[in-house]
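Okay, structure first, notes after.
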Amino acid sequence: MKISKYIRLSNNLCAILACALFFSFQISLAQQINTDSLLLQAYESLKQKEYSGALKQAHLGKKISPEYLDFQVLIGRVHQLTNQRDSARFYLNRVLEKNTAYEEAFLYLINLELETKNYENAERVINNAITIHPENKNFRFKKLQLYQSKEAVESERTYLKELSTLYPENSEIKQRIFWLDSRFNSNRIGLQYSLTSFNRDGVGPWHLGTIQYIGERKWGSVLGRINYANRRSNGSQLIDGVQFEGESYFFTGENSYANVSIGYSEDLVFPKWRLGASYFQTLPKGWELDLGARYTYVAQNSIPAGILGVGKYFGSYWMHLRSFFQEQNTNVYSAFTLTSRYYYNTRFDYVNFILGYGTSPDERVILADLDQRVELNSYRAGLGYYRQFGKHFIAGVQAVYNRQEYIDENWQNEFESFIMLHYRL
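Heads up: the sequence shown is residues -30 to -1, 1 to 395, going by mature numbering (1 follows the signal peptide of the UniProt record, and there is no 0).
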């Protein structure tokens, strides 16, 4: 009997203990469900910009579950949005002191320090975030934003090159690097030479040599050229002459720049006047648009032209399509040039590929014949290679084949070879 009594008592105790554990679990589960639901409600209030309601719900959740750090992240976010910056900084820092896994807390705190121009703290938080979460590229781009906010151009330029190795397919990084590189003071002098030969008897070769200076400054750049052309026929000199050119690029905004150019010559181997202007607008995702005009006065003919172009960076690749619409004798003639480049290092290191239709006012070798060629058909393709050697020398070679109609239904083949050498002072 005693044994039976003890067994019944033991069974009763087990049942009571099981019930207690069950109800404890249910209470805990209900509390968890309530805090999760409360967090969702608080974020919904935040989304609806009901900041006071969101703050009350978040503080209630914090009171119910002090270790549930999501509520404290939310409290910090609400204080940030309502310009209570010290309170926001306090809560966000407290979250990160307890658990650095909260990436959104890092992000909110970084934005807060950038907004208040507290750049020293911003850099410290960003570096910590990158160290703890190296896979999150948002933090790396926040560091880029930091340098831009500080207008630390040299630091930004150096860091962009680091980013380009991490994200080689990011077209905006490549575009920004080239933009900044062009704003550093530098001076270059250069020599260029092109030889154009023809498969038609008694025509050519044509020679064009250039001495030029390029000065790059923070505001833009200035270029000066002296060109000498010599055209030969049947082994004798046919015509020669000199042309003077000036050109300038200047920044018109953080994401835009413009170009103006002028050329003059008294010799028939060049146009008497050549004027140009273009406006360039860089866009997100590596896009760029340009709009421009050209004016060429050659052989007593005035040839105005309108220009529309679009370019795009694809990682290390750049493609640009430019269209020309030229007017002569009330007729409009079009020309198109597609340029593609692959940059394998700096902006001076690239492989260049060209396809084109028609004759445009930007083809300097044939401008003395623009009035004749503008209404004729032509198809061309070219390939070039450019490279920087050391800190001072930049060299390039290019070859272009042009299938040119010289009179109606009569064609000739033209082969242009080009070489250049620049020296950075």
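We put the beta carbon where it would ideally sit given N, CA and C, even for glycine.
Item to complete: Return the chain-ordered list of same chain residues with a C-beta closer than 6 Å to the C-beta of Ser(-3), the five sequence neighbours on each side being excluded.
Response: Unreliable positioning characterises Ser(-3) in this predicted model, as indicated by a pLDDT of 44, which lies under 50. A coordinate reading is not provided.
Worksheet entry | Buried or exposed (CB count within 10 angstroms, at least 16 for buried), Ala369 | exposed
Worksheet item: Between Lys242 and Leu261, what straight-line distance do the alpha-carbon atoms span, to the nearest angstrom?
Response: 24 Å
Fill in: 7 Å Cβ shell around Arg317 - same chain, five flanking residues per side excluded
Phe148 and Asp151
Worksheet item: Helix, strand or coil: which one does DSSP assign to Phe(-6)?
Response: Because the pLDDT at Phe(-6) is just 40, under 50, the model does not fix this residue reliably, and the value given afterwards should be weighed accordingly. Of the three classes helix, strand and coil, the one that applies to Phe(-6) here is helix, per DSSP.
Fill in: Identity of the residue in Tyr137, Ala122 and Glu124 nearest Asn106 by Cα
Tyr137
Worksheet item: Is DSSP giving Gly285 helix, strand or coil here?
Response: coil
Fill in: Three-state class that DSSP yields for Glu375 in the structure shown
strand
Discussion item. Tell me the rounded alpha-carbon separation between Tyr283 and Tyr227.
Written reply: 17 Å
Item to complete: Check whether the segment 117 to 133 touches the segment 164 to 179, taking contact to mean three or more Cβ pairs, one atom from each stretch, closer than 8 Å.
Response: no
Practice prompt. State the DSSP-derived secondary structure class of Tyr314, mapped to helix, strand or coil.
Written response: coil
Practice prompt. Could you tell me whether the segment 345 to 352 touches the segment 250 to 266, where touching means 3 or more Cβ pairs closer than 8 Å?
Written response: no
Fill in: Range of the contiguous beta strand (DSSP E) that encloses Asp210
Ser206 to Gly223
Practice prompt. Let me know if Asn380 comes out buried or exposed under the rule of 16 or more other beta-carbons within 10 Å of its beta-carbon.
Written response: exposed
Worksheet item: Measuring CA to CA, which of Tyr312, Asn4 and Asn299 is closest to His290?
Response: Tyr312
Item to complete: Can you grab the Cα-Cα spacing for the pair Arg170 / Glu142, in whole Å?
Response: 47 Å
Worksheet item: Near Ile(-24), what residues of its chain come up, given a Cβ to Cβ distance below 6 Å and the 5 sequence neighbours on each side ignored?
Response: In this predicted model, Ile(-24) has a pLDDT of only 44, less than 50, meaning its place in the structure is not dependable; the value taken from the coordinates is given anyway. Result list for Ile(-24): empty, nothing under 6 Å.
Worksheet entry | Exposed unless 16 or more other CB atoms sit within 10 angstroms - verdict on Ser331 | The amino acid at residue 331 is misidentified as Ser; the sequence shows Pro. That one is buried.
Worksheet item: So the alpha helix (DSSP H) Val43 belongs to, where does it begin and stop?
Response: Asp40 to Leu51
Worksheet entry | Distance between Leu278 and Glu375 (C-alpha atoms, nearest Å) | 25 Å
Discussion item. Please report the straight-line C-alpha distance between Glu386 and Gln342, rounded to a whole angstrom.
Written reply: 19 Å
Practice prompt. Answer with buried or exposed for Val302, where buried requires no fewer than 16 other C-beta atoms within 10 angstroms of its C-beta.
Written response: exposed
Discussion item. Can you find the residues in the same chain that come closer than 6 Å, C-beta to C-beta, to residue 396, ignoring five residues on each side of it along the sequence?
Written reply: Since the first and last residues shown for the chain are -30 and 395, residue 396 lies out of range.
Practice prompt. Starting from the C-beta of Ser125, find all residues in its chain whose C-beta is less than 7 Å away, skip the five residues before and the five after it, and write them out in chain order.
Written response: Tyr117
Item to complete: Within the same chain, show all residues whose beta-carbon is closer than 6 Å to that of Ala99, passing over the 5 residues directly before and after it, in chain order.
Response: Phe76 and Phe109
Practice prompt. Give the DSSP-derived three-state secondary structure of Gly160 in the structure shown.
Written response: strand
Discussion item. So, at 7 Å on beta carbons, what are the nonlocal neighbours of Leu9 in its own chain, with the 5 sequence-adjacent residues on each side left out?
Written reply: Gly31, Asp40 and Phe41
Worksheet entry | Cβ neighbours of Tyr72 in the same chain (closer than 7 Å, five flanking residues each side left out) | Leu39, Val43, Val65 and Leu66
Worksheet item: Per DSSP, what kind of secondary structure is Ser235 in: helix, strand or coil?
Response: coil
Worksheet item: At what residues does the alpha helix (DSSP H) containing Gly23 begin and finish?
Response: Tyr21 to Ile34
Discussion item. Between which residues of its own chain and Phe359 is the CB-CB distance below 7 Å, once the five residues before and five after are set aside?
Written reply: Ala365
Worksheet item: I think Leu82 touches Val48, with their Cβ atoms under 8 Å apart; what is that distance to the nearest whole Å?
Response: Wrong, their Cβ atoms sit about 12 Å apart, outside the cutoff.
Fill in: Whole-angstrom distance between Tyr371 and Asn383, CA atom to CA atom
7 Å
Worksheet entry | Helix, strand or coil at Ala(-1) according to DSSP, with G and I counted as helix | Interpretation of Ala(-1) is limited by its pLDDT of 40, a score under 50 that renders its predicted location unreliable; no figure is taken from the coordinates.
Discussion item. Quick check: Leu158 and Leu391, are their CB atoms within less than 8 Å of each other?
Written reply: Looking at the sequence provided, one finds Arg at residue 158 rather than Leu. Cβ atoms of Arg158 and Leu391: not closer than 8 Å.
Practice prompt. Please specify which runs of the alpha helix (DSSP H), each continuous and at least 4 residues long, are wholly inside the segment 306 to 368, giving them in chain order.
Written response: 340 to 343
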